[in-house]
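Chemist: Quick note: the sequence shown, position 70, residue 75 per the numbering used here, numbers continuous.
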Amino acid sequence: MNFNQFMESYANEIGGQFQEYDTNKSVVIYPLGGNRYQAVLGTLKTSDITNKPSIEFTSKVCEFSTTINLENLIRANATFCSARFVLVDDFIRVEAAILEESATEAVLKDIIEEVATVADAWEHKLTGQDVH
6 MNFNQFMESY
16 ANEIGGQFQE
26 YDTNKSVVIY
36 PLGGNRYQAV
46 LGTLKTSDIT
56 NKPSIEFTSK
66 VCEFSTTINL
76 ENLIRANATF
86 CSARFVLVDD
96 FIRVEAAILE
106 ESATEAVLKD
116 IIEEVATVAD
126 AWEHKLTGQD
136 VH
């Protein structure tokens, strides 16, 4: 599968937007309805654990602050299928990854949808805004 071709095709399928950064990285702007959108970055990489090719999807939620209850985020992780909260460069993000050998187009679409939906819901819950 050509990753960026898949991302562009999926963005067109859902009425979103697509931006290619390089051969291993691109973004889908996922439309969520109600004039809300969420950017989901897809990256081809090598798993740090298995050393196998993998695909990672990530979306920013908001900048971290000490007023955010991290326990709530960790507990929420248990309710997601693929997504999880992570803290990277002082930003709370929603992230999901899959080994490339297990990645069908249908699974990738489900993962992108979950990452976008969770990130948008928590961005709104934590900030009341639609920034990312």
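The C-beta atom is built at its ideal place from N, Cα and C for all residues, glycine as well.
Where does aspartate 94 sit, in a helix, a strand or coil, going by DSSP?
Modeler: Here residue 94 corresponds to residue number 89 of the sequence shown, with the count starting at 1. It is coil, neither helix nor strand.
Chemist: Cβ of glutamate 118 less than 9 Å from any chain B Cβ?
Modeler: This model lacks chain B altogether, as it is built from one protein chain only.
Chemist: Would you kindly work out how many angstroms separate the C-alpha atoms of cysteine 67 and lysine 30, rounded to a whole number?
Modeler: Translated into the one-based positions of the sequence shown, residue 67 becomes position 62. Translated into the one-based positions of the sequence shown, residue 30 becomes position 25. One C-alpha to the other measures close to 21 Å.
Chemist: Does phenylalanine 85 come out as helix, strand or coil in the three-state DSSP assignment?
Modeler: Your numbering for residue 85 matches position 80 in the sequence shown. In the structure shown, phenylalanine 85 sits in coil (DSSP, three-state: anything other than H, G, I, E or B).
Chemist: So, do the stretch 74 to 84 and the stretch 46 to 53 have three or more beta carbon pairs nearer to each other than 8 Å?
Modeler: no
Chemist: Looking only at C-alpha atoms, which of Ile117, Ile116 and Glu105 sits nearest to threonine 55?
Modeler: On the sequence shown, residue 55 is found 50 positions in, with the first residue counted as 1. Looking at the Cα atoms, Glu105 is the closest of the given residues.
Chemist: Got a sec? Which residues, its chain only, sit under 7 Å from alanine 121 by beta carbon, not counting five neighbours each side?
Modeler: Taking the sequence shown and counting its residues from 1, one reaches residue 121 at position 116. In its chain, beyond the 5 residues on either side, Tyr35, Leu37, Gln43, Val45 and Ser64 have a beta carbon closer than 7 Å to the beta carbon of alanine 121.
Chemist: Would you mind working out which of Glu61, Ile60 and Asp95 sits nearest threonine 71, comparing C-alpha positions?
Modeler: Here residue 71 refers to the residue found at position 66 of the sequence shown. Answer by Cα proximity: Asp95.
Chemist: Can you give the beta carbon distance from valine 93 to valine 123, rounded, assuming they're within the 8 Å contact cut?
Modeler: Stepping through the sequence shown from its first residue, residue 93 is reached at position 88. Stepping through the sequence shown from its first residue, residue 123 is reached at position 118. The pair is not a contact, with the Cβ atoms about 16 Å apart (cut-off 8 Å).
Chemist: Does isoleucine 79 pass the burial test, meaning 16 or more other C-beta atoms within 10 Å, or should it be called exposed?
Modeler: Counted from its first residue, the sequence shown places residue 79 at position 74. It is exposed - the Cβ of isoleucine 79 has fewer than 16 other Cβ atoms within 10 Å.
Chemist: To the nearest angstrom, report how far apart tyrosine 26 and valine 32 are at their CA atoms.
Modeler: On the sequence shown, position 21 is the one that residue 26 refers to. On the sequence shown, position 27 is the one that residue 32 refers to. The alpha-carbon atoms of tyrosine 26 and valine 32 are separated by roughly 8 Å.
Chemist: Starting from threonine 122 and walking both ways along the beta strand (DSSP E), at which residues does that stretch end?
Modeler: Numbered from 1 along the sequence shown, position 117 holds the residue referred to as residue 122. Careful: threonine 122 lies outside any beta strand (DSSP E), inside the alpha helix (DSSP H) at 110 to 132.
Chemist: Given a cut-off of 9 Å, decide if isoleucine 116 and isoleucine 97 are closer than it, judged by their beta-carbon atoms.
Modeler: Taking the first residue of the sequence shown as position 1, residue 97 is located at position 92. Taking the first residue of the sequence shown as position 1, residue 116 is located at position 111. Not a contact, by the Cβ cut-off of 9 Å.
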